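Numbering (our numbering), first residue to last: 1 to 311.
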């Protein structure tokens, strides 16, 4: 049974940073956003976090061989059809209320469980990390019989998330030809509510869920990693955190399948609080996001009035 630590939340909430730091710990292997593996990697042959094309990466070649006797044996069209049928945000009420899983849900989950088991075998890791973030996928995975699923729900201030979604960011894995998706502040606010609420619902369905606030994690990443390793069932020694420095982390190359451009960072990664949104996000947009997300912001302990946070 593969032990899986699933990082969930709305995109631009800091999951890639959390994943990169967790991936430095012994006994853990970070896989990136596995939800995108089927299209971006198996079909489009984009770049692995190590810099190689997916088809040339020795790690992923070995994973594909172990899981499917080669990636050529994966019916990507079938994966896409199953995803449309079961893994969309609109399907969450049905997934959450179901007392048994449909054959399609179990088949779709089996593609992931095979990847997780193979990655654990190839890497020798006790725990594999999937930073797919998608709440609907987490609800699907709870029905997999052959994985030990634990979810880290990463929350970031909705206004910081909204500002990040407005920025133009290139996707290095496409060699600069594509950009990451952008959303308006209003759209991202609605998504922030929906995805975070879905993880609260997942916890009520009996899945182990540990919520962390990105800002608190970044303020003390050492303590945050110790708590998350304990949640994942991984024992640490003090020297396991030597890669952490007061204001940066020293990262090794990884094999993330997809995700934020930070996944390509090797060497020094600055660890600093990103509060540019306090100054750069127009006040009208801050008020809009604050109004839409107000109840959940309060529930997560965020201030509604951010004037006091401005430098």
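Glycine included, each C-beta is placed from N, C-alpha and C at the ideal position.
Predicted, not measured: the structure shown is a model, and the values here were computed from it.
Per-residue DSSP class, three states only, for residue i
i	result
residue 258	coil
residue 270	strand
residue 57	coil
residue 209	strand
residue 64	helix
residue 290	helix
residue 82	helix
residue 37	helix
residue 47	strand
residue 215	helix
residue 179	strand
residue 77	helix
residue 95	helix
residue 302	coil
residue 195	helix
residue 169	coil
residue 142	coil
residue 100	coil
residue 160	helix
residue 88	coil
Beta-carbon gap between residue i and residue j smaller than 7 Å
i	j	result
residue 63	residue 119	yes
residue 135	residue 199	yes
residue 139	residue 191	no
residue 154	residue 18	yes
residue 249	residue 269	yes
residue 143	residue 103	no
residue 16	residue 180	no
residue 129	residue 5	yes
residue 281	residue 247	no
Residue(s) in a DSSP beta bridge with residue i
i	result
residue 29	128
residue 2	147
residue 249	244, 269
residue 7	152
residue 133	8
Burial state of residue i, where buried means 16 or more other Cβ atoms lie within 10 Å
i	result
residue 88	exposed
residue 310	Unreliable placement is indicated for residue 310, whose pLDDT of 41 sits below 50; the coordinate value is still reported in the next sentence. Result: exposed.
residue 295	exposed
residue 256	buried
residue 7	buried
residue 195	buried
residue 259	buried
residue 340	As displayed, the chain neither begins before 1 nor continues past 311, which places residue 340 out of reach and without an answer.
residue 83	buried
residue 304	exposed
residue 156	buried
Checklist entry - Three or more beta-carbon pairs under 8 Å between the region 21-41 and the region 180-199, yes or no? => result no
Item to check | Contact the region 41-49 vs the region 221-228: 3+ CB pairs below 8 Å | outcome: no
Checklist entry - Any contact of the region 254-272 with the region 12-32, i.e. 3+ C-beta pairs under 8 Å? => result yes
Checklist entry - Between the region 275-285 and the region 149-164, are three or more C-beta pairs nearer than 8 Å? => result yes
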